[in-house]
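Residue numbers (the working numbering), protein chains in the order written: chain A, 26 to 435; chain B, 571 to 687. Ideal Cβ positions, reconstructed from N, Cα and C, are used throughout, including at glycine. Keep in mind it's a predicted model, so treat the numbers as computed, not measured. I have placed the structure first, in the form of structure tokens, so that the comments after it can refer back to it.
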Amino acid sequence: MDFFDFISDPILAISKWLFELLNGWGVTADWSNFILYFIGAALLGTSALLLTLIFIWAERKIIGRLQDRYGPNQVGPWGIFQSVADMVKIFIKEHIIPYGVDPVPYHLAPIIIVASVLIVWAIIPFSNSLTETNLNVAVIFLLAVGGIGELGIMMAGWGSNNKYALISAFRASAQMISYEIPMAIVLLIPVLLSSSMAMDDIVNAQKMPFILILLFGALIFFIASIAENGRAPFDLAEAESELVAGFNIEYSGLKFGMFYVADFLRAFTSALIFSTIFLGGWRGPGVETFPILGGLYLTLKSLVIWFLGVWIRGSFPRYRIDQMMNINWKFLTPVSLALFMLAIFFGKLFENYGQNIQYLSILIINLGLFFISLKLINRKEDNLEIPEIGLRSRPVAKPDNLFSKDISRG
Amino acid sequence: MLNQWLYIAIFVAISILLPTIAIFLARVLSPKKPNKIKNSVYECGMETFDKTWIQFRIQYYLFALVFLIFDVETVFLYPIAVAYNQISLFMVIETIIFISILFIGFLYVWRKGALNW
Chain A
26 MDFFDFISDP ILAISKWLFE LLNGWGVTAD WSNFILYFIG AALLGTSALL LTLIFIWAER
86 KIIGRLQDRY GPNQVGPWGI FQSVADMVKI FIKEHIIPYG VDPVPYHLAP IIIVASVLIV
146 WAIIPFSNSL TETNLNVAVI FLLAVGGIGE LGIMMAGWGS NNKYALISAF RASAQMISYE
206 IPMAIVLLIP VLLSSSMAMD DIVNAQKMPF ILILLFGALI FFIASIAENG RAPFDLAEAE
266 SELVAGFNIE YSGLKFGMFY VADFLRAFTS ALIFSTIFLG GWRGPGVETF PILGGLYLTL
326 KSLVIWFLGV WIRGSFPRYR IDQMMNINWK FLTPVSLALF MLAIFFGKLF ENYGQNIQYL
386 SILIINLGLF FISLKLINRK EDNLEIPEIG LRSRPVAKPD NLFSKDISRG
Chain B
571 MLNQWLYIAI FVAISILLPT IAIFLARVLS PKKPNKIKNS VYECGMETFD KTWIQFRIQY
631 YLFALVFLIF DVETVFLYPI AVAYNQISLF MVIETIIFIS ILFIGFLYVW RKGALNW
């Protein structure tokens, strides 16, 4: 029976065993809990940081393949040790600290940025049994921690003694705070469907994954999370192919590496959040008997979402900053507000007819709003006037073809 | 309940400690050969001039203000969303009126051109 327990849920079994061992040594229950929490948090944090190595390699490989290149292929089989080699190199690089930096924000910024990504991992329920972290304000915690990343970016730009780093920091934080709004508004709907802000309750409420009910909401959340991570096509803060770097330009050695790690880890972290809230988290066949399967399901779902993000990064051209701001303030924010208002109204109206009817009404609202907004975008595109510069007709940059389907037109 | 916050506190401490230790180790391991040219500010390849903390566009400030309004609004909406199963249709309509008032303000800001980059 012991063996079966271990197979079905190794983490719980090990923690129980450790707890009893500590008790046997005469440690009080409170202190053993503290020690166990400490070990758990340290393991989770370290493994998250080490996972980044694999994600960096995988992302470079996938993008290479999407662009008809090999990607890393020299170090080890399929170049799998490339990021290990990179890490060793960046560890022994000199830390160049330019003259005139503001020391406190300059040195704190990389630490704060990595911490802001790692802290999110504390509230994600990885399986059925790991419920110590069922925080009852998890969603607000998530949004609040998102703000700390912006603080780190501003500190990096402010402390660098570099005008361009400061401008880039302003841009990056303007982008991040803007896209937090549609994200926060869309997150309200899963919260009201499960009537709890705790991540574990949101997962438990998903007898049917919320993405099947909130198709359009999930799409808005996905776009907003890509933009908030500052990844292509929204990576204007550090357009790799056009600028040297963004707010992190004056950093070198592992301090720069920390920005890099935070960037890649954030991509997977937001995929984890997406699959927890919209794809049912650890839910899947057989999780009741084998809770360890839950972690596997969550990882698989997040990998799919993460791959979608990489795919988009590999295939979309970059937006201009005014286009990016327009997409958020003039499209995503009003649409997500309308979605929320319609969802609470019709959800209440059909509440007495049973849960299925309620969900169906919300689904119909989602689909309806999706097609209406698609129509609106297309109509706006048809009415677009492109100012002609100069007398002769010649190709000019189109100002506002945000969602253009046909490039040859107009 | 208290245990959860303890876990969060430990996790926050560890996630600050991990990058700090890594950067400290790298600082010890890496060579230190500073010189005047290497340590000058990179800027954009030219020698830097004037103050670095420049004036910036007022637009950033406007966006931050609009963001603040919406952020406070969503924080107010979360309790309503949690209590959604217990409230009546009348209260839902009140919530919608509350959002609409802010939405009218949003439209006003839009018409005034504060959202144009």
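Report yes if the C-beta distance between A/Ala140 and B/Pro589 is below 9 Å; otherwise report no. Cβ atoms of A/Ala140 and B/Pro589: closer than 9 Å.
Give the single residue among A/Glu84, A/Arg196, A/Ile206 and A/Asn408 whose Cα lies nearest to the Cα of B/Ile627. In the sequence as displayed, the identity of residue 627 of chain B is Arg instead of Ile. If you compare the alpha carbons of A/Glu84, A/Arg196, A/Ile206 and A/Asn408 with that of B/Arg627, the shortest gap goes to A/Arg196.
Cα-Cα separation between A/Leu367 and A/Leu213, rounded to whole angstroms: Take the alpha-carbon of A/Leu367 and the one of A/Leu213: they are about 13 Å apart.
Going by other Cβ atoms of all chains shown within 10 Å of its Cβ, with 16 needed for buried, is A/Met224 buried or exposed? Buried, by the Cβ-count rule.
The ligand PLP and A/Lys280: does the residue's C-beta get closer than 8 Å to at least one heavy atom of that ligand? Ligands in the displayed structure: none, and consequently the ligand PLP is not present.
Mind the definition here: the segment 400-407 of chain A touches the segment 244-259 of chain A only if three or more C-beta pairs lie below 8 Å; say whether that holds. Output reads no: the segment 244-259 of chain A does not touch the segment 400-407 of chain A.
Can you check whether the C-beta of A/Ser433 is within less than 9 Å of a C-beta belonging to chain B? At A/Ser433 the pLDDT is 48, less than 50, meaning the model places this residue with poor confidence and gives no usable figure here.
Mark A/Leu357 as exposed unless 16 or more other C-beta atoms lie within 10 angstroms of its C-beta, in which case mark it buried. It is buried - the Cβ of A/Leu357 has at least 16 other Cβ atoms within 10 Å.
At 7 Å on the CB atoms, spell out the chain B contacts of A/Leu217, in chain order. Going along chain B in sequence order, the residues near A/Leu217 (Cβ under 7 Å) are Ala651 and Tyr654.
From the beta carbon of B/Val611, is the nearest beta carbon of chain A less than 9 Å away? Chain A contact via Cβ: present.
So, does the segment 166-179 of chain A touch the segment 326-334 of chain A, judging by three or more C-beta pairs under 8 Å? The segment 166-179 of chain A makes no contact with the segment 326-334 of chain A; the number of CB pairs closer than 8 Å stays below 3.
Look at the alpha carbon of A/Leu362 and the alpha carbon of A/Ala134, and state the distance between them as a whole number of angstroms. When rounded, the distance between both Cα atoms is 34 Å.
Coarse secondary structure for A/Pro135, derived from DSSP in three states: Reduced to three states, the DSSP call for A/Pro135 is helix.
If we count the other Cβ atoms within 10 Å of its Cβ and call it buried at 16 or more, is B/Lys603 buried or exposed? B/Lys603 comes out exposed.
Identify whether A/Ala230 lies in helix, strand or coil by the three-state DSSP scheme. In the displayed model, A/Ala230 falls within coil according to three-state DSSP, outside both helix and strand.
Mind pulling the chain B residues with CB within less than 8 Å of A/Glu275? What A/Glu275 touches in chain B: Val611 and Tyr612.
Is the beta carbon of A/Tyr276 closer than 9 Å to that of A/Ala181? If you check the CB distance, A/Ala181 and A/Tyr276 come in under 9 Å.
Applying a beta-carbon distance threshold of less than 8 Å, which residues of chain B neighbour A/Ile206? For A/Ile206, the residues of chain B that pass the 8 Å Cβ criterion are Phe637, Phe640, Asp641 and Thr644, in the order they occur in the chain.
Contact under 9 Å by Cβ, B/Phe676 with A/Ala209: With contacts defined as CB atoms closer than 9 Å, B/Phe676 and A/Ala209 fail to qualify as a contacting pair.
Which residues of the segment 581-606 of chain B have a Cβ closer than 9 Å to any Cβ of chain A? Give them in chain order. Those residues of the segment 581-606 of chain B that come within reach of chain A (Cβ to Cβ, closer than 9 Å) are Phe581, Val582, Ala583, Ile584, Ser585, Ile586, Leu587, Leu588, Pro589, Thr590, Ala592, Ile593, Leu595, Ala596, Arg597, Leu599, Ser600, Pro601, Lys602, Lys603, Pro604 and Lys606.
Less than 9 Å between the beta carbons of A/Leu4 and A/Val145, yes or no? There is no way to answer for residue 4 of chain A, as the model of chain A reaches only from 26 to 435.
For A/Ile369, would you say it is in contact with chain B, using Cβ-to-Cβ distances shorter than 9 Å as the test? The beta carbon of A/Ile369 sits closer than 9 Å to some beta carbon of chain B.
Give me the subset of the segment 65-94 of chain A whose CB atoms are less than 9 Å from a CB atom of chain B, sorted by chain position. Listed by position, the residues of the segment 65-94 of chain A near chain B (Cβ gap below 9 Å) are Gly65, Ala66, Ala67, Leu69, Gly70, Thr71, Ala73 and Leu74.
Would you kindly work out how many angstroms separate the C-alpha atoms of A/Val52 and A/Gly309, rounded to a whole number? Answer to the nearest angstrom: the Cα atoms are 38 Å apart.
N- and C-terminal bounds of the alpha helix (DSSP H) containing A/Asn381: In this chain, the alpha helix (DSSP H) harbouring A/Asn381 covers Gln380 to Asp407.
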